[in-house]
Amino acid sequence: MPGILYLVATPIGNLEDMTYRAVRILQEADEIAAEDTRNSRKLLTHFDLHTPMTSYHEFNKYDKAEVLVRQMQEGKVIALITDAGTPGISDPGEVLVQRCYEAGIPVVPVPGACAAVNALIASGQATRRFCFEAFLPADKKERRAVLEELKRETRTMVIYEAPHRLVKTLEELEGVLGDRPLTVAKELTKRHETFLMTSLGKAVEHFREEPPKGEYVLVIAGKSEEEQKKEQQARWEDVPVEEHIRNLIEKGLTEKEAIKQVAVERGVPKREIYQIHVLKNKINE
Ligand code: SAM
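Here the sequence shown is numbered in my numbering, starting from 19 and rising by one per residue.
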């Protein structure tokens, strides 16, 4: 019988966020794979856990995943924990999970704290649709490409950032997205937890004056309908309505279909296009 990989979420600051199930799984596992064993030792001591620990981190994730998978193939139950929060979210957990699937080892999540989700739900921004961008890439070219993609994003965006790079990242985001609504979630679940509801521009000014300290999540509003509409209209600014309709008729649409399509493409009511069209025809008669 193969073993199991448990992905055990641990607190992101407040130890009371540890779940009963997480404690039990960590107690019953044969081994705990931890991102930073020294850091996790404090957690295990707090909960009086004595399960053996081994390290699994960014710099040994490929080789160590092979070792851990072999152990699970022999029947061992392994619990993966990371420095804080949910394993697999902006940490090396993903690689081990993939290897487990390849080897037919069951993977079981043990839910708990996650900075991204908690920042989002208390951000005051739209939560129905969102995307998680983790840390923006460090590589210049990749970063530019991601920022360009975000320009079109209509969902709320959740981004992680380290304090020493926060101002630069906010400046870049403002440069690309403009002065969008932003919530800065700081030190979630800790004594100095704060939610700063602001905008990208104001946040840049704020953090230039008051250098960031602690852990941060950025929750940025997606492109609004109004912004989308303005952009759509700007795209057609230089093309007269009549020319737009004529182009579509030449492509095979009927007059009625063309009017409807022009309205859709320009993001204006069909009635408006119809009136311009009728007026133009009257002038030409
Ligand atoms: N696996 C973690 C999770 O589930 O959220 C994320 C790990 S990632 C390496 C660390 C980043 O998460 C930090 O740089 C910060 O952006 C965010 N983060 C973690 N804990 C946080 C907290 N208590 N408050 C705000 N942000 C936090």
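Glycine included, C-beta positions come from ideal geometry on N, C-alpha and C. Just so you know, these numbers come straight off a predicted model, no measurement behind them.
Where residue i sits in the DSSP three-state scheme
{"i": "V49", "result": "First, the residue type needs correcting, since residue 49 is Glu and not Val in the sequence shown. Three-state DSSP puts E49 in a strand."}
{"i": "G103", "result": "strand"}
{"i": "E179", "result": "strand"}
{"i": "T55", "result": "helix"}
{"i": "C118", "result": "helix"}
{"i": "K231", "result": "coil"}
{"i": "M19", "result": "coil"}
{"i": "T63", "result": "helix"}
{"i": "I301", "result": "helix"}
{"i": "L98", "result": "strand"}
{"i": "L271", "result": "coil"}
{"i": "Y80", "result": "helix"}
{"i": "M71", "result": "strand"}
{"i": "E151", "result": "strand"}
{"i": "V282", "result": "helix"}
{"i": "V257", "result": "coil"}
Cα-Cα separation, residue i to residue j
{"i": "P124", "j": "R39", "result": "18 Å"}
{"i": "L114", "j": "A121", "result": "11 Å"}
{"i": "E112", "j": "E244", "result": "38 Å"}
{"i": "T55", "j": "K241", "result": "42 Å"}
{"i": "P11", "j": "F153", "result": "No answer is possible for residue 11: it lies beyond the span of the chain, which begins at 19 and ends at 303."}
{"i": "E273", "j": "V259", "result": "13 Å"}
{"i": "F225", "j": "L191", "result": "14 Å"}
{"i": "E268", "j": "Q246", "result": "28 Å"}
{"i": "L67", "j": "Y74", "result": "19 Å"}
{"i": "L195", "j": "F148", "result": "16 Å"}
{"i": "N265", "j": "V296", "result": "17 Å"}
{"i": "K220", "j": "S108", "result": "27 Å"}
{"i": "A281", "j": "G270", "result": "17 Å"}
{"i": "D35", "j": "Q89", "result": "30 Å"}
{"i": "K82", "j": "Y119", "result": "16 Å"}
{"i": "L168", "j": "K208", "result": "30 Å"}
{"i": "Q293", "j": "K300", "result": "11 Å"}
{"i": "V222", "j": "T216", "result": "10 Å"}
{"i": "R170", "j": "G193", "result": "14 Å"}
{"i": "A203", "j": "T187", "result": "15 Å"}
{"i": "G50", "j": "L206", "result": "According to the sequence displayed, residue 50 carries Ile and not Gly. Each residue's Cα considered, the two are about 25 Å apart."}
{"i": "R117", "j": "V87", "result": "7 Å"}
{"i": "I277", "j": "T172", "result": "27 Å"}
{"i": "F150", "j": "A144", "result": "13 Å"}
{"i": "E211", "j": "L23", "result": "32 Å"}
{"i": "A239", "j": "G142", "result": "10 Å"}
{"i": "T63", "j": "L25", "result": "19 Å"}
{"i": "F65", "j": "Y80", "result": "30 Å"}
is_contact[residue i, chain C] using C-beta, thresh 8 Å
{"i": "T100", "result": "Among the chains in the structure shown there is no chain C, since it carries only a single protein chain."}
Next on the checklist: I want to know whether the region 171 to 185 touches the region 214 to 233 - three or more CB-CB distances under 8 Å.
Outcome noted: yes
Item to check | At least three beta-carbon pairs within less than 8 Å, the region 195 to 203 to the region 152 to 164 | outcome: no
Checklist entry - In the region 182 to 239, which residue ranges form an unbroken alpha helix (DSSP H) of at least 4 residues, counting only runs that do not cross its ends? => result Here the runs fully enclosed are 184 to 195, 218 to 227.
Item to check | Meets three-Cβ-pair contact criterion under 8 Å: the region 125 to 142 and the region 23 to 36 | outcome: yes
Item to check | Touch test, the region 92 to 101 against the region 37 to 55, Cβ-Cβ under 8 Å, three pairs minimum | outcome: Put simply, the region 92 to 101 touches the region 37 to 55. At least three CB pairs are less than 8 Å apart.
Checklist entry - Below 8 Å, can you find three or more Cβ-Cβ pairs linking the region 97 to 111 to the region 138 to 149? => result no
Next on the checklist: For the structure I just gave you, are there three or more beta carbon pairs, one from the region 281 to 299 and one from the region 243 to 257, closer than 8 Å?
Outcome noted: yes
Item to check | Inside the region 126 to 175 only - alpha helix (DSSP H) runs reaching at least 4 residues | outcome: 133 to 139, 158 to 169
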